[in-house]
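Notes follow once the structure below has been shown.
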Amino acid sequence: MTNQSWLDYKIQIRDRLKEFTLKILKLSEMLPSSERGRVLNKQLIRSGTSVYANYRAALRGRSKAEFFSKLSIVVEEADETEMWLDLIISSGILTTSFINDLHKESIELLKILASMRKRLSR
Numbered sequence: 322m323t324n325q326s327w328l329d330y331k332i333q334i335r336d337r338l339k340e341f342t343l344k345i346l347k348l349s350e351m352l353p354s355s356e357r358g359r360v361l362n363k364q365l366i367r368s369g370t371s372v373y374a375n376y377r378a379a380l381r382g383r384s385k386a387e388f389f390s391k392l393s394i395v396v397e398e399a400d401e402t403e404m405w406l407d408l409i410i411s412s413g414i415l416t417t418s419f420i421n422d423l424h425k426e427s428i429e430l431l432k433i434l435a436s437m438r439k440r441l442s443r
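Take 322 as the starting number for the sequence shown in this note's numbering and just add one per residue.
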């Protein structure tokens with residue numbers, strides 16, 4: 322992969338993460354205001370928005386090592402977000418195709434981000 326195509330790829334992922342984050346925020350409006358709904362909502366918003374914010378920070382990294390370090394945080398936050406989505410679905414708090422599709426997207430993004438990190442560790 323050339324430097325330009327690698328850069329283009331990283332920008333595509335950034336844009337996809339932005340869309341994912343916007344969907345997380347939309348989902349937050351759909352969750353019930355019960356105690357468990359509020360707890361899950363808070364955790365989901367925190368990790369779900371952190372994925373995008375930390376990825377943007379990684380793109381501004383001053384070195385390959387800094388990019389790798391920040392990307393590792395992104396992978397952790399993406400994994401946590403997937404876990405909260407899975408928990409919401411498994412608990413039956415919300416059962417819609419929207420959350421199911423969002424959960425599938427979170428798994429795809431997690432695989433992509435982990436693959437990027439693995440590629441950089443070589």
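Backbone N, C-alpha and C define an ideal beta-carbon position, used for all residues, glycine too.
Please read these numbers as outputs of a predicted model, since none were measured by experiment.
CA-to-CA distance, residue j to residue i, given in whole angstroms
i	j	result
Ile345	Ile394	18 Å
Glu429	Glu397	14 Å
Lys347	Ala386	34 Å
Val372	Leu338	7 Å
Arg367	Ser412	20 Å
Glu403	Phe341	12 Å
Leu431	Ile334	11 Å
Nearest neighbour of residue i, chosen from the options [CA to CA]
i	options	result
Asn421	Ile410, Tyr373 and Leu380	Ile410
Lys331	Pro353, Gly369, Leu406 and Tyr376	Tyr376
Glu401	Arg381, Arg357, His424 and Leu415	His424
Coil, strand or helix - residue i by DSSP
i	result
Met322	coil
Gly413	coil
Leu352	coil
Beta-carbon gap between residue i and residue j smaller than 8 Å
i	j	result
Ala374	Phe388	no
Leu365	Ser349	yes
*Starting from the N-terminal side, write out each stretch of the beta strand (DSSP E) that is 3 residues or longer and does not extend beyond the stretch 358 to 434.*
none
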